[in-house]
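K.L.:
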Amino acid sequence: MNSRIFLSTIVLGVVFLSSTNVEVQNSDSNKTNKDLNFYLPTSTTSQIVKHRYYTLSYNEKAEQAEWVAYELKKDYIKRSDFKRPFFIEDPKVTTQSADWRNYKKSGYDKGHLCPAADMEFNINAYNDTFFTSNISPQNRDFNGGIWNRLEQKTRFWAVKYDGLFVVTGGVLKGNLESIGKEDVLVPKYFYKVLLSNSNGNYKMIAFLVPNEKSSKAIFEYVVSVDKLESITGIDFFPRLEDRLENSLEKNVNLNSWLSK
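The opening residue of the sequence shown carries number 2 in the working numbering; numbering runs sequentially from there.
(1) Taking only three categories from DSSP, how would you classify residue 262?
(2) When you compare only the Cα positions, how much space is there between residue 110 and residue 259?
(3) Is the CB-CB distance between residue 67 and residue 46 below 8 Å?
(4) What does a CB cutoff of less than 7 Å around residue 101 pick up in its chain, not counting 5 residues either side in sequence?
(5) Looking at the secondary structure, which residues open and close the alpha helix (DSSP H) in which residue 127 lies?
(6) What is the DSSP secondary structure of residue 152, reduced to helix, strand or coil?
(7) I need the straight-line Cα distance from residue 182 to residue 245, nearest angstrom please.
(8) Please state the DSSP three-state secondary structure of residue 244.
(9) If you compare alpha carbons, which of 156, 59 and 188 is closest to residue 143?
(10) Would you call the segment 120-131 and the segment 153-172 in contact, with 3 or more CB pairs under 8 Å?
(11) Hey, quick one: how far does the alpha helix (DSSP H) through residue 258 stretch, first residue to last?
(12) Residue 60 and residue 196 look like a contact to me (Cβ under 8 Å); what is the Cβ gap, rounded to whole Å?
(13) According to the Cβ coordinates, are residue 73 and residue 169 closer than 8 Å?
(14) Apart from the five residues just before and just after residue 31, which ones in its own chain have a Cβ nearer than 6 Å to its Cβ?
(15) Go to residue 145, then tell me how far its alpha helix (DSSP H) extends in each direction, as first and last residue.
(16) Is it buried or exposed, residue 136, if we count other Cβ atoms within 10 angstroms and call 16 or more buried?
(17) Name the DSSP bridge partner or partners of residue 169?
(18) For the beta strand (DSSP E) containing residue 56, list its first residue and its last residue.
(19) Is any non-hydrogen atom of the ligand SAM found closer than 7 Å to the C-beta of residue 134, if you look at the structure I gave you?
(20) Between residue 54 and residue 70, how many whole angstroms is the CB-CB distance? I'm expecting something under 8 Å.
(21) Please classify residue 206 as buried or exposed, where buried requires at least 16 neighbouring CB atoms within 10 angstroms.
(22) Give the straight-line distance between the Cα atoms of residue 209 and residue 147, rounded to the nearest whole angstrom.
(23) Hey, quick one: how far does the beta strand (DSSP E) through residue 220 stretch, first residue to last?
(24) Mind checking whether residue 78 and residue 150 have CB atoms under 8 Å apart?
(25) Strictly by DSSP, which residues pair up with residue 210?
(26) Output yes or no for whether 8 Å exceeds the beta carbon distance between residue 65 and residue 58.
Next up, the structure:
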């Protein structure tokens, strides 16, 4: 495990836009297959870990994933009575994921990146969300408040649009606090990028939310994907055709996500 990391401070010049997304018709039907590998972001760490229902890029220095990506199908949205398991280290992380005890008495929640509620369709999928590679230190009011509301809205959209591709994580840049003996970094911001592909009709929306209590509407935290990429250093959908990717990532239009 790594000792505390002193990262150079960057300024998150985040402007909370009222809307950011675009809907585009893609003529290349061969690239509209719902294959998660096609939609994976780039990794800045080169440590890609693939579980059956989600994939992550692990950042050993931060002791957490820089992103978790997964397909959230319409028929995944179910309620279960699965028993909540204990958090355990991820056996697929070669450098070892952080021990859950780093969070003990830290004042932070063990915040899921891929929510357990997104994986209630299958007991194995559900249990896999309790690897410590899939958690990050979250303010309790944030985790149970604005972030939970965004997760619920994501599930609503997955049903409405017949599935989504989701990429989520904490911004692991800047002068960050750390917790525990393994110096797990505490992100100041968390992000979520959603991509809808319905028969070649693509649309994308991104959120960047401070790791703190908020009573604001989730749409006040919408940002362009281009802005998010400049902050994180991650290219979120590099395999999309360039014209399509550029259009999706820079344009601002929320109407299609709000339409009934």
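The beta-carbon is built from N, C-alpha and C at its ideal position, and this holds for glycine as well.
P.N.:
Answer, in terms of the structure:
(1) Residue 262 cannot be examined here, being either before or after the span of the chain that is shown, 2 to 261.
(2) Distance between the alpha carbons of residue 110 and residue 259: 31 Å.
(3) It is a contact, given that the beta carbons lie within the stated cut-off.
(4) If we look at residue 101 and ignore the five residues flanking it on each side, its Cβ neighbours are 88, 111 and 133.
(5) Run containing residue 127: 124-129, per the alpha helix (DSSP H) assignment.
(6) Helix, per DSSP.
(7) Rounded to whole angstroms, residue 182 to residue 245 spans 44 Å at the Cα level.
(8) Three-state DSSP puts residue 244 in a helix.
(9) Just measuring C-alpha positions, the residue of 156, 59 and 188 sitting nearest residue 143 is 188.
(10) At 8 Å Cβ cutoff, the stretches do not touch.
(11) Residues 256-259.
(12) By a beta-carbon distance limit of 8 Å, residue 60 does not contact residue 196. Their separation comes to about 22 Å.
(13) Annotated as distal: residue 73 and residue 169, with beta-carbon spacing of 8 Å or more.
(14) For residue 31, the pLDDT reaches just 37, beneath the cut-off of 50, and the residue's location in the model is therefore unreliable, although a value from the coordinates is still provided. Cβ contact annotation for residue 31 (same chain, cutoff 6 Å, sequence separation greater than five): none.
(15) Segment 141-145, the alpha helix (DSSP H) holding residue 145.
(16) So residue 136 ends up on the buried side.
(17) Answer is 69 and 193, bridged to residue 169.
(18) 56-60 is the extent of the beta strand (DSSP E) around residue 56.
(19) With respect to small molecules bound, the structure shown includes none, and the ligand SAM cannot be examined in it.
(20) Between residue 70 and residue 54 the Cβ distance is about 11 Å, and since that is not below 8 Å, they are no contact.
(21) So residue 206 ends up on the buried side.
(22) Going from the Cα of residue 209 to the Cα of residue 147 covers about 11 Å.
(23) No beta strand (DSSP E) holds residue 220; DSSP gives it neither H nor E.
(24) Contact: no.
(25) Answer by DSSP bridge pairing, in chain order: 191.
(26) No, they are not a contact pair.
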